[in-house]
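Here is the structure we will look at.
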Amino acid sequence: MFGFFQLVVSWHMKAATMCEFSKQEFVSGLQSLGVDSMDKFRERIQFMRNELKDEQKFREIYNFAFGWAKEKGQKSLALDTAIGMWQLLFAEKQWPLVDHWCQFLQARHNKAISRDTWSQLLEFARVHVHPRFRNYSVAVAKELRIFISVIEHV
């Protein structure tokens, strides 16, 4: 699995596919970063790491990750890929329930993850950091509603 830094670089390059850069994506991405040499690329590494602390940038990277990680031609993200991406992304944001969420999906859901579920989880994780969900919205994806009912009884 890629590291978070590789994901951020791919986001800057607007890469359409994991592990691939077209020449246009590569050149445009480096230009947008102001990079024209390896030395300048090294200098920009800390800048890119600092972007992760920005909530809006993290949201953009999170949303980018869905399309970037899914197989070409698929609408959903394979469960094992989604779990790997969540563990990678939430290792940076430190959502304490990420392991519970991933275990729940493996045990009870065991199918691909829709863009709706992917998108809703970020907001859910931002609001719900504790296993006692006092004010969750009933408008969340079915998987999240079931997860809430399961984790509340643990």
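Its first residue numbered 13, the sequence shown is counted upward by one per residue in our numbering. Glycine included, every Cβ here is placed at the ideal spot set by N, Cα and C. Please read these numbers as outputs of a predicted model, since none were measured by experiment.
Per-residue DSSP class, three states only, for residue i
i	result
LEU89	strand
MET97	helix
GLN132	helix
GLU63	helix
Expected contact under 8 Å - CB spacing of residue i and residue j to nearest Å
i	j	result
VAL110	GLN99	6 Å
LEU101	TYR74	6 Å
Where the alpha helix (DSSP H) containing residue i begins and where it ends
i	result
LYS123	Note, LYS123: premise wrong, no alpha helix (DSSP H); not H, not E.
VAL21	16-24
SER44	35-45
MET30	First-last for MET30: undefined, no H or E at that position.
ASP48	Note, ASP48: premise wrong, no alpha helix (DSSP H); not H, not E.
Buried versus exposed call for residue i [16 or more other C-beta atoms within 10 Å across all chains shown]
i	result
LYS82	buried
GLU72	exposed
VAL39	exposed
Whole-angstrom distance between residue j and residue i, CA atom to CA atom
i	j	result
TRP130	PHE116	15 Å
MET30	ARG56	21 Å
GLN36	TRP80	16 Å
PHE182	ALA77	Missing from the structure shown is residue 182; the chain here goes from 13 to 166 and no further.
MET60	PRO108	24 Å
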